[in-house]
Every structure is written in C-alpha cells, then in structure tokens.
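J.: The sequence shown begins at 2 in the working numbering and counts up by one.
Don't be surprised by glycine CBs; every beta carbon is placed ideally from N, CA and C.
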Amino acid sequence: MLMKQGCLRGKRISAFTLTELLIVMAILALLGGLGVAAFKGGGASDGSRGASYAAATLFDAARNEAIMRRCPTRVIFDTVYKQSSPDNYLRRMTVAYTTNSGTNWIQSGAWVFLPSGAFFDSASGPNGQPRSRATDQAMTLPQKSLGSSSGGSPYWAYEYLPNGQANYVAAGNPPVLKVVFSPGSTVGGVFTERPDRKSLYGFIINKLGHTQQFADLQSLNNCP
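1. Of the choices Tyr-98, Arg-195 and Gln-214, whose alpha-carbon is the least far from that of Phe-204?
2. On the premise that Thr-80 lies in contact with Tyr-156, defined as a C-beta separation below 8 angstroms, what is that separation, rounded to the nearest angstrom?
3. Taking 8 angstroms as the threshold (C-beta atoms), are Arg-93 and Val-113 in contact?
4. Between which two residues does the beta strand (DSSP E) containing Thr-187 stretch?
5. Which residue marks the beginning of the beta strand (DSSP E) containing Gly-48, and which one marks its end?
6. If you draw a straight line from the C-alpha of Glu-66 to the C-alpha of Leu-162, how long is it?
7. So, is Asn-207 buried or exposed, given that buried needs 16 or more other C-beta atoms within 10 angstroms?
8. Taking 8 angstroms as the limit between beta carbons, can you name the residues of its chain near Leu-209, skipping five residues before and five after?
9. Can you tell me where the beta strand (DSSP E) holding Tyr-98 begins and where it ends?
10. Here's a check: name, in chain order, each residue in its chain whose Cβ is nearer than 7 angstroms to the Cβ of Gln-219, leaving out the five neighbours to either side.
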C-alpha cells in the first residue's frame, strides 16, 4: 500500500474545470438558439448537408459533456409523430445526460431543429435495414422538455459513455452507429425520401466517439 502511494506521489491528477463545462453548455445553447439556421449547406432546396454538419457538431458537444460530467450522455432525435406538433417529427434533436444509470435523463440543451427540407432518415436502406441505426427505446425525460410529446415515448438515441467512447453495446447487432439525413416529406407520420436520393448526407460514429462524414449514396451503402 505504501509503495502504491509512493508511485502515485508527484503525479498530476487531471480534472475538468467548471469553465470547461460551461463552454460545452454554451455550445449547446448556441446551437439551440441558432436553430441551425446558419448550417444550410448542400443543395438550395434541401439542407441535408447542413443538417449533417450541424448534427456532428452537436454530437461532439455531447461527447465532451460525457467526459466532463463523467456520466453517460445521449443525442436524441424526435421520432414521435404528434398531430399537434407535426413539424417536430424527424426534425429536431437534443442532448441529455443521466446520473442514475439511465432511469431518468436530464436535458442539457434546447431542442435543435434541422434546416428546412432536411429530415433525420430512418427509412429502410440496403438489406432492409434503417439508414440511421442506433438505440430505439423509451426515453424518460421531463414533460416540459418534450413539449407535446409524452414522457416515456420511444426516441432514437445515440449514447456516449463517461470516457467519451460511443456505446456500441446498445447499437444493435451488428453494432452500427450511423446517422443519415435526407430531403423528403412527411404525411401523417410517414416519411418519404426524395425519389432521386442524390442529397443523402451523414456520418459514422467510431468506437472512440469521433464522427466521419460521407456525402453520397454509394459511400453510405459501403458503410458497415
């Protein structure tokens, strides 16, 4: 025991400061305030490229928050269709964290809306699998945070572990953490992609939690 203490003596123990945590929270608040209006890349009529870049920025912020808070965080996409708020369906995302092993999740930033014409794409892709793949399960968030959606509704979530790595265990079998955006439309809770499928954008999340962008259907189909 004494030898172990001696080995540790003189080592610097790193920790995150309150300032660093506030910076991450400020990034989340800024994205929510902007409503992703500044991220209108890609074609003039869809904004799917801008949606992909904006989402990747939010994912990076969520990863940093997981490391700084030392607890799991999730990027959540609203996949709950409500007649009272149809514009929320597949069009907004947020970040939440948990301090009690996932029993309850605390939203740490405002809901961020995707650019006009761009949608989070969970439609069937090659081999009948959803284009975006993550954890689809009931999320318990404060009623106030969800607006017109009810607590415990199923949301599509991507999780970061306290060390900043992506949670591949909860990513299905085989594990794939892929986020896709495309132009299209929704009618009565049914999302329809634009037929030509030439404006698909998105990214892969590797095990370390970093994102890698792809910019066309062929690249998307080649992703695992």
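T.: Taking the structure as given:
1. Your numbering for residue 204 matches position 203 in the sequence shown. When each option's Cα is compared against that of Phe-204, the closest is Gln-214.
2. What you label residue 156 is simply residue 155 of the sequence shown in a count that begins at 1. What you label residue 80 is simply residue 79 of the sequence shown in a count that begins at 1. Indeed, because the Cβ distance is near 6 angstroms, the residues count as touching under 8 angstroms.
3. The residue labelled residue 113 in the question sits at position 112 within the sequence shown. The residue labelled residue 93 in the question sits at position 92 within the sequence shown. In contact: Val-113 and Arg-93 (Cβ atoms closer than 8 angstroms).
4. As a working mapping, residue 187 is identified with position 186 in the sequence shown. Residues 179-188.
5. Counted from its first residue, the sequence shown places residue 48 at position 47. Note, Gly-48: premise wrong, no beta strand (DSSP E); not H, not E.
6. Position 65 of the sequence shown, counted from the first residue, corresponds to residue 66. Position 161 of the sequence shown, counted from the first residue, corresponds to residue 162. Distance between the alpha carbons of Glu-66 and Leu-162 is about 10 angstroms.
7. Taking the sequence shown and counting its residues from 1, one reaches residue 207 at position 206. Asn-207 comes out exposed.
8. Here residue 209 is taken as the residue at index 208 of the sequence shown, counted from 1. Only Gly-165, Gln-166 and Ala-167 meet the Cβ criterion.
9. As a position in the sequence shown, residue 98 is number 97, starting the count at 1. Per DSSP, Tyr-98 belongs to the beta strand (DSSP E) from 93-98.
10. Along the sequence shown, read from residue 1 onward, the residue named residue 219 stands at position 218. The answer is none, since no qualifying residue turns up.
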